[in-house]
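Taking it in order: structure first as structure tokens, then the write-up.
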Amino acid sequence: MKYINVISKQNHNVIESKLDDNIIVKENSVVLIDANLEDVQKIERQGNDLIIHFKNGEILKISDFYNENNTADNSLVFKDDEAKLSWIQHLEDTQIIDKSIYYQSIDELEPLLYEHDAGFLIGTPWLFAGGVLAAGGLIAGLSSSNSKHETSTEDNTIAQPVAPIKYINDISGGIIYLSIDKISNDDTPSFVIQNLANGQTALLYVDGVKVDAIYDKASNTLTPKIPLAEGTHEISYIIVNQQGNVSSPSDKVVITIDVTAPIEPKITTNNASGLSGSSEANALITLDLGNGNTLTTTANSQGKWSFAPNPIADGETGKLTVTDAAGNVGSSITTDKADTVAPLAPSVEQNNAASLLGTSEANALITLDLGHGNTLTTTANSQGKWSFEPNPIADGETATLTAT
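Under UniProt numbering, the residues of the sequence shown are numbered 1 to 404, in order.
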């Protein structure tokens, strides 16, 4: 932030004086900013506002510097460390000044103010000595006796930095290459940047907006202080040297933040043919059989996964865990007891006109194959009893029974 003084051109009063990065001009005024002109990167008009970009990444907004009719009469002046005043030129209808900033050196502010009849001309050397103007005070001075036109030309001597190609995941502790994995469960990833020369600093940008970041010299990383929101972000950075020169932004890299744990997997089969189910697409499915024995598989793009044949012993259970593409781990679930042993063949107790009936494993599916693609099914009850009524087998014929 900068010290900003707003002085009315009409009555020469100091309307506002404060340390800020945003100020509103309410009448024709001189806006005096305590800053070295050499520290300015560019000046641009956005609507009716004047935006000043500094080489250290700071941005100062002067709201309503212009108006809709372009009749506003405001002046912009910088006061440097030696109290020298620089009146910025060619701001009448500027869109952007980013190469050369034209200014006129002036000794005092009075030439920019409207004629005043109150006899206020008194010495105010403190105005140009680095102090802060008191709100409501009067500005006084003599006519400018020594002014000259000069040009301040920006000196961008820093090459564009190399885009970050990897980051350190603080959760896993691993180094992740963005070309391989753009999804992270770390919402404060530490981006590895190029080596900085002595006196250089780096500023981190997320989606084009500068964010507070911590630079770690040992790992050469920039880490955002505030966690990134879930979703996809564009990351870049700039370098600033001791002279205030600023590089152009690095190329942007894309990273997706996902810190939400996946939901529990669903099991659809758990028999001799296999253990299968569904989960989040492309998730890693881990099956823990106990005693340090684990197996893994990966769900497809529809979330379908399977272990075939079923690795769980008959009558035993296993634990399933889902890990999503970002590395988030969901809650474990325990499977039902596996049923991997085929049931005994069903026994027939009656086969007459009234019915075909018998016994099998409880709750088994009984399939009757009559031949020529003609099949019928029924389900045994909890005591293993099953029946087909009336008997579907023709007199004198046979059929095949299967229990599943």
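Quick reminder that beta carbons are idealized off the backbone N, C-alpha and C, glycines included.
- Rounded to the nearest angstrom, the gap between the Cα atoms of Ile255 and Asp20 is 33 Å.
- Here Asp39 carries a helix assignment [DSSP, helix/strand/coil].
- Under the three-state reduction of DSSP, Leu112 is assigned to helix.
- DSSP places Phe65 outside any beta strand (DSSP E), giving it a letter other than H or E.
- With a contact defined as Cβ atoms closer than 8 Å, Asn363 and Asn391 miss out at about 23 Å.
- In this structure Ile193 does not touch Val211 by the C-beta definition: roughly 14 Å separates them, more than the 8 Å allowed.
- For the set Pro161, Thr188, Val209, Ile158, the Cα lying nearest the Cα of Ile168 is the one of Thr188.
- Less than 8 Å divides the Cβ of Ser247 from the Cβ of Pro161.
- Between Leu91 and His233, the alpha-carbon positions lie close to 35 Å from each other.
- Val40 places its beta carbon less than 8 Å from that of Ile101.
- A straight-line Cα-Cα distance of about 13 Å links Ala380 and Leu344.
- According to the DSSP assignment, His233 belongs to the beta strand (DSSP E) that extends over 231 to 240.
- If you look at Pro224, you'll find it in the beta strand (DSSP E) that goes 221 to 224.
- Check the Cα spacing between Phe65 and each of Glu27, Ala213, Ala308: the tightest is with Glu27.
- In its chain, beyond the 5 residues on either side, Thr367, Leu368, Asp369 have a beta carbon closer than 8 Å to the beta carbon of Thr375.
- Contact between the region 330 to 340 and the region 265 to 284 is present, with at least three C-beta pairs closer than 8 Å.
- In its chain, beyond the 5 residues on either side, Ser247 have a beta carbon closer than 8 Å to the beta carbon of Ala159.
- Residue burial is scored here from C-beta neighbours: Lys79 has at least 16 other C-beta atoms within 10 angstroms and is therefore classed as buried.
- Taking all protein chains in view, the Cβ of Ser250 is crowded by 16 or more other Cβ atoms within 10 Å, so the residue is classified as buried.
- Using a C-beta cut-off of 8 Å, the region 195 to 204 makes no contact with the region 282 to 291, since fewer than three inter-stretch Cβ pairs fall below that distance.
- When Thr377, Ile43, Glu38, Asn11 are compared, the shortest CA-CA separation from Val30 is found for Asn11.
- Beta-carbon to beta-carbon, Leu76 and Ile88 are separated by about 4 Å, close enough to satisfy the 8 Å threshold.
- In the three-state DSSP reduction, Ala202 falls in the strand class (E or B).
- Rounded to the nearest whole angstrom, the C-alpha separation of Thr400 and Gly358 is 13 Å.
- Per DSSP, reduced to three states, the secondary structure at Glu349 is strand.
- Residues of the same chain with a CB within less than 7 Å of the CB of Ala213, apart from the 5 flanking positions on each side, are Leu204, Leu222, Thr223, Pro224, Lys225 in chain order.
- In the DSSP assignment, Gln104 falls within the unbroken beta strand (DSSP E) covering 100 to 106.
- Assignment of beta-bridge partners to Ser278 by DSSP yields Lys266, Lys304.
- Of the candidates Val341, Ile257, Glu280, Asn328, Val341 places its Cα closest to the Cα of Asn271.
- Beta-bridge annotation (DSSP): Leu85 is paired with Lys79, Ile106.
- In this structure, DSSP gives Ala283 a state outside helix and strand, which the three-state scheme calls coil.
- Secondary structure of Glu16 (DSSP, three-state): strand.
- Assigned with DSSP and collapsed to three states, Asn22 falls in strand.
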